[in-house]
Amino acid sequence: MNTITSKKAVLFATTAMAVLVAAGFGAAQDAIPVSGDQFGYGSRAVAETSFNVDLFGGGDENGGIYGGAPTITIPVGDKLGLQVDGIVGSAADESFFAGGAAQLFYRDPQQFLVGVAGGGYFVDSVQQFAVAAIAEYYLDNVTLEGLVGYQTGDVTDGAYGRAGLSIYANPNLRIGGGVSYSEENKLGGDVQVEALLTDIPGLALFATGVFDERGSMGVGGVRFYLNSGTGLMTSDRTKQAESPTLIGMHRNLGRPNFFVNGGAGFGLRQISLVAGALNGGQPFGDIHDPDTPVDPVAACGDGAICAVQDVLGNLTDNTVLQPLTDLVDTLLNPNDGALSALTGALDDLTSSSSGPLGAVTDLVNALVGTQDSALEPLISSLNQVLAGLTGGVPNADIASGLLGGLTGGLTGASTGTTSGGLIDVVQGTVDNLLGGTPLSAVGDLVTTLVDPQTGALAPLTGQLNDLTSVAGGPLAPVTQLVDGLVGAQNGALDPALDAVNHLLAGGTGSLGDGTAALSDVPVVGGILNGLVSGLGTSVTQPAGAGGGLIDVVQGTVGNLLGGTPLQPVAGLVDMLVDPQTGALAPLTGQLNDVTSVAGGGPLAPLTQVVDSLVGAQNGALDPVLDTVNDLLSGDLGGLGGAGGLGSLGGGTAALSDIPVLGDVLGGLLGGLGSSVGGSTGATGGLIDVVQGTVNNLLVGTPLEAVAGVVDTLVDPQTGALSPLTGQLNGLTSVAGGPLAPVTQLVDGLVGAQNGALDPVLDTVNGLLSGGLGGLGGLGGLGGLGGGTAALTDIPVVGGLLSGLLGGLQA
Numbered sequence: 045m046n047t048i049t050s051k052k053a054v055l056f057a058t059t060a061m062a063v064l065v066a067a068g069f070g071a072a073q074d075a076i077p078v079s080g081d082q083f084g085y086g087s088r089a090v091a092e093t094s095f096n097v098d099l100f101g102g103g104d105e106n107g108g109i110y111g112g113a114p115t116i117t118i119p120v121g122d123k124l125g126l127q128v129d130g131i132v133g134s135a136a137d138e139s140f141f142a143g144g145a146a147q148l149f150y151r152d153p154q155q156f157l158v159g160v161a162g163g164g165y166f167v168d169s170v171q172q173f174a175v176a177a178i179a180e181y182y183l184d185n186v187t188l189e190g191l192v193g194y195q196t197g198d199v200t201d202g203a204y205g206r207a208g209l210s211i212y213a214n215p216n217l218r219i220g221g222g223v224s225y226s227e228e229n230k231l232g233g234d235v236q237v238e239a240l241l242t243d244i245p246g247l248a249l250f251a252t253g254v255f256d257e258r259g260s261m262g263v264g265g266v267r268f269y270l271n272s273g274t275g276l277m278t279s280d281r282t283k284q285a286e287s288p289t290l291i292g293m294h295r296n297l298g299r300p301n302f303f304v305n306g307g308a309g310f311g312l313r314q315i316s317l318v319a320g321a322l323n324g325g326q327p328f329g330d331i332h333d334p335d336t337p338v339d340p341v342a343a344c345g346d347g348a349i350c351a352v353q354d355v356l357g358n359l360t361d362n363t364v365l366q367p368l369t370d371l372v373d374t375l376l377n378p379n380d381g382a383l384s385a386l387t388g389a390l391d392d393l394t395s396s397s398s399g400p401l402g403a404v405t406d407l408v409n410a411l412v413g414t415q416d417s418a419l420e421p422l423i424s425s426l427n428q429v430l431a432g433l434t435g436g437v438p439n440a441d442i443a444s445g446l447l448g449g450l451t452g453g454l455t456g457a458s459t460g461t462t463s464g465g466l467i468d469v470v471q472g473t474v475d476n477l478l479g480g481t482p483l484s485a486v487g488d489l490v491t492t493l494v495d496p497q498t499g500a501l502a503p504l505t506g507q508l509n510d511l512t513s514v515a516g517g518p519l520a521p522v523t524q525l526v527d528g529l530v531g532a533q534n535g536a537l538d539p540a541l542d543a544v545n546h547l548l549a550g551g552t553g554s555l556g557d558g559t560a561a562l563s564d565v566p567v568v569g570g571i572l573n574g575l576v577s578g579l580g581t582s583v584t585q586p587a588g589a590g591g592g593l594i595d596v597v598q599g600t601v602g603n604l605l606g607g608t609p610l611q612p613v614a615g616l617v618d619m620l621v622d623p624q625t626g627a628l629a630p631l632t633g634q635l636n637d638v639t640s641v642a643g644g645g646p647l648a649p650l651t652q653v654v655d656s657l658v659g660a661q662n663g664a665l666d667p668v669l670d671t672v673n674d675l676l677s678g679d680l681g682g683l684g685g686a687g688g689l690g691s692l693g694g695g696t697a698a699l700s701d702i703p704v705l706g707d708v709l710g711g712l713l714g715g716l717g718s719s720v721g722g723s724t725g726a727t728g729g730l731i732d733v734v735q736g737t738v739n740n741l742l743v744g745t746p747l748e749a750v751a752g753v754v755d756t757l758v759d760p761q762t763g764a765l766s767p768l769t770g771q772l773n774g775l776t777s778v779a780g781g782p783l784a785p786v787t788q789l790v791d792g793l794v795g796a797q798n799g800a801l802d803p804v805l806d807t808v809n810g811l812l813s814g815g816l817g818g819l820g821g822l823g824g825l826g827g828l829g830g831g832t833a834a835l836t837d838i839p840v841v842g843g844l845l846s847g848l849l850g851g852l853q854a
């Protein structure tokens with residue numbers, strides 16, 4: 045709770061306490077035995093038809109509010125009453141509002157009232173409606189009040205309620221208060237005072253204060269009670285003495301107006317907030333000033349999902365990819381996205397203000413957030429690159445083609461020509477991007493790895509290709525979507541891919557002989573120079589690196605891990621990627637040559653950019669890498685004598701012992717019921733946890749075979765990659781590995797026993813397997829097993845995809 049909210053809470057509590065103490069003192073001085081008969085009303089729910097009129101005025105942070113609220117109450121038999129309420133006025137100094145409501149209730153004037161109420165109002169062109177259950181319980185001179193309802197309309201949808209009490213200090217003085225809740229205003233409160241003037245029959249003065257998280261409102265006015273006992277023509281002293289009292293009229297005639305007595309949840313306070321939002325004030329619910337539209341990403345929240353949406357918006361704003369970002373927002377927005385049931389929960393978990401994993405969001409924002417983050421200049425420069433890579437085609441035309449690929453291409457009129465599956469499209473896209481360029485060998489390597497028939501990963505990619513085949517696979521729409529975006533024939537982004545291919549192949553006329561750098565290319569060169577100029581070097585000037593990109597990567601890994609317990613990992617990286625002697629030298633050697641600074645490789649600027657960021661000499665992030673190296677090696681004397689990881693070899697110290705880093709990790713896992721160094725459900729290493737997580741997610745679903753493929757590849761004992769995964773599993777083993785805290789961290793997040801995200805994984809497993817019958821008959825993905833049903837055949841999901849893709853047919 046922030047400071048302002050705390051002050052409001054203290055003010056409200058103090059005021060309410062003073063009012064209630066005064067009321068109690070007044071009641072003690074003049075206790076009132078209450079019965080309907082003492083006022084001559086008997087036991088009917090509504091003694092007679094009566095009419096009330098409120099004239100009020102006041103204001104809040106949005107400006108002045110004033111108007112009138114008429115009410116008529118009619119008896120319906122002996123035990124029922126019907127009341128019709130109205131309201132009309134002006135709010136935020138300039139917005140006209142009006143509304144109407146009806147209340148039907150059963151009342152025993154000696155004991156209680158129960159009933160239902162419903163109504164609505166409009167402010168300018170905005171409409172909002174509510175229905176509620178109402179109740180009162182009478183204890184001598186105290187009335188307990190309750191209301192629980194639901195509201196919907198242009199402003200907000202959700203439940204709201206109020207609980208309160210009124211104390212009659214004497215028969216003609218009511219002092220009340222209440223606590224209210226709504227999904228937009230959260231917790232709020234109100235204080236009310238009403239006094240019936242005995243010298244003027246039927247005339248009362250009233251005042252109400254309402255408090256909530258957004259501010260406060262105060263209104264006051266006069267209320268006219270018009271019934272048989274309050275006629276102005278019968279105001280002689282004798283008849284005045286026989287005039288009905290305030291408590292008598294409240295329990296035997298009309299109820300409070302539906303709009304005036306709703307607290308912070310519905311009624312006058314909400315009307316003022318809506319009017320303020322329409323006139324340039326703080327947005328409220330779905331309402332904002334039409335002249336200043338609200339960015340849906342900026343209004344999202346403070347969790348990881350919203351942070352990612354913010355980064356995507358910053359990266360793709362005013363580029364050809366902006367419609368794709370809008371689609372992502374439609375799917376993932378934690379407030380109203382199609383997947384909000386899942387993303388909303390994840391966003392709450394990672395809320396930087398209250399979530400147990402808030403540290404994750406803080407880290408993301410520090411790295412890539414739009415406000416002063418470490419990589420914000422890089423993201424802004426990439427945005428400029430994307431804005432420039434249109435192949436000479438206007439952004440509007442490409443965006444139109446993009447949307448066509450997202451919709452028209454998936455309704456039977458595909459913009460691509462593929463007849464295979466997703467892997468086929470990926471291979472074609474890589475070939476379209478890299479074919480005929482110095483990086484064509486990378487394309488060959490991709491084919492060697494992922495080809496569905498002959499690739500090293502064919503057992504996995506072959507199954508995925510069949511699942512996504514447009515010739516009948518249940519996930520064919522995914523392939524059509526991707527093909528509509530990046531297909532080599534008519535994909536929406538094909539002009540951009542062709543432009544990149546042209547640059548890589550030397551299509552400018554200067555890159556082909558390997559003597560010119562990308563910095564010589566108009567627009568792109570200027571952007572790249574601007575990108576690295578702030579880092580102390582220019583693209584056209586040699587950086588600390590004299591070799592290629594692989595050399596810089598090796599140097600960075602060595603700088604990060606050298607002299608630490610993780611130095612063997614650096615050695616393993618060298619064994620794999622060294623351009624001369626590594627296991628992947630046929631690939632990394634070529635990549636090192638085309639990115640070589642000393643050799644004039646066509647992609648030398650890429651090496652210079654990376655070196656300017658993480659190079660061991662003068663890289664912008666070198667101080668960060670040095671600090672991490674010190675943490676790992678235990679050489680941080682300036683930070684209070686951190687012990688680093690030097691002692692982890694024996695398995696006796698945890699990461700939580702390290703100053704700063706330990707605090708961050710401790711805070712990250714504090715809400716998960718385990719410290720970083722504490723015991724979790726894991727008994728093996730990181731690979732064991734990963735296998736368990738994949739099994740927890742996929743076993744018992746049509747995708748169980750994928751879990752089997754993962755085991756075949758990564759199992760530390762028998763997998764195809766066991767020489768690598770076995771070593772990694774040993775390093776991260778909780779039974780003594782130097783990186784055991786990593787396993788404990790991952791297990792605390794996704795472990796199958798007590799992982800923080802285990803409920804999310806179980807929910808996804810239930811969706812895939814069709815085991816969530818409680819979700820309205822969701823059929824899961826059971827139809828995927830036979831390969832004959834499309835996603836559109838799945839209840840709920842099919843409808844969702846049809847709506848998103850313009851009526852997608854199976």
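Residue 45 is where the sequence shown starts when you use the numbering used here, and the numbers rise one by one after that.
In this text, a Cβ means the ideal position worked out from N, Cα and C, and glycines have one as well.
Given the structure is predicted, the values throughout are model-derived calculations rather than measurements.
In this structure, A549 lies near G480, with their beta-carbon atoms less than 7 Å apart. In this structure, N96 sits away from Y204, with a CB-CB distance that is not shorter than 7 Å.
Residue pairing from DSSP places R267 in a beta bridge opposite D98, A248. Selection G644, Q611, V734, N636 evaluated against L676 yields Q611 as nearest (Cα-Cα). Here DSSP, grouped into helix, strand and coil, assigns D802 to helix. Contact check for G232 against A308 passes: the beta carbons are separated by less than 7 Å.
In terms of Cα proximity to A319, the closest of F140, A179, Y225, T405 is F140.
With 16 or more other Cβ atoms inside 10 Å of its own Cβ, Q471 counts as buried.
Annotated three-state conformation of R313 is helix, per DSSP. Distance between L741 and A751, taken at the CA atoms: about 9 Å. Considering only L241, Y225, L665, N271, the residue with the shortest C-alpha distance to F255 is Y225. Setting aside the 5 residues that flank it on each side, V530 is surrounded in the same chain by T473, L537, each with a C-beta closer than 6 Å to its C-beta; the list follows chain order. A residue is called buried when at least 16 other Cβ atoms come within 10 angstroms of its Cβ; Q761 does not meet this threshold and is exposed. Nearest neighbour of T491 by Cα position, chosen from I467, H332, D346, turns out to be I467. In the DSSP secondary-structure assignment, P503 is not bridged to any residue. Contact between the stretch 345 to 356 and the stretch 161 to 169 is absent, with fewer than three C-beta pairs closer than 8 Å. Following the DSSP letters along the chain, one finds L365 in no beta strand (DSSP E), marked with neither H nor E. Counting the other CB atoms within 10 Å of its CB gives E138 a total below 16, which places it among the exposed residues. Per DSSP, the continuous alpha helix (DSSP H) segment holding I594 begins and ends at 593 to 605. In the DSSP annotation of this structure, the continuous segment of the alpha helix (DSSP H) that includes E748 starts and ends at 748 to 758. Contact between the stretch 664 to 674 and the stretch 602 to 609 is present, with at least three C-beta pairs closer than 8 Å. Taking all protein chains in view, the Cβ of V263 is crowded by 16 or more other Cβ atoms within 10 Å, so the residue is classified as buried.
In this structure the stretch 356 to 369 does not lie against the stretch 314 to 331, because fewer than three pairs of beta carbons, one per stretch, are closer than 8 Å. Counted as a single uninterrupted DSSP element, the alpha helix (DSSP H) harbouring G770 occupies residues 766 to 775. Nearest Cα to Q155 within the set G193, D184, G736: D184.
Put simply, of G413, N323, G795, A321 the residue whose alpha carbon is nearest the alpha carbon of D354 is G413. For L297 against V90, the beta-carbon gap comes to about 6 Å, under 8 Å, which counts as contact.
In the same chain as I118, and ignoring 5 residues on each side of it, the C-beta atoms closer than 6 Å to its own belong to T93, L126, in chain order.
A distance below 8 Å between beta-carbons, with the five flanking residues on each side excluded, links L478 to the following residues of its chain, in chain order: S484, V486, G487, N545, L548.
In the three-state reduction of the DSSP assignment, V175 falls in the strand class. Taking each of T394, N271, E105 in turn and checking the Cα distance to I116, the smallest one comes out for N271.
About 4 Å separates the beta carbons of T405 and S396, which is inside the 8 Å limit, making them a contact pair. Counting only runs of at least 3 residues, the stretch 208 to 234 fully encloses the following beta strand (DSSP E) elements, listed from N- to C-terminal order: 217 to 226. Between V469 and T523, the C-beta spacing is below 7 Å.
Beta bridge pairing from DSSP links A135 with S139. Contact between F303 and I109 does not hold, since the beta-carbon distance rounds to 12 Å and is not under 8 Å.
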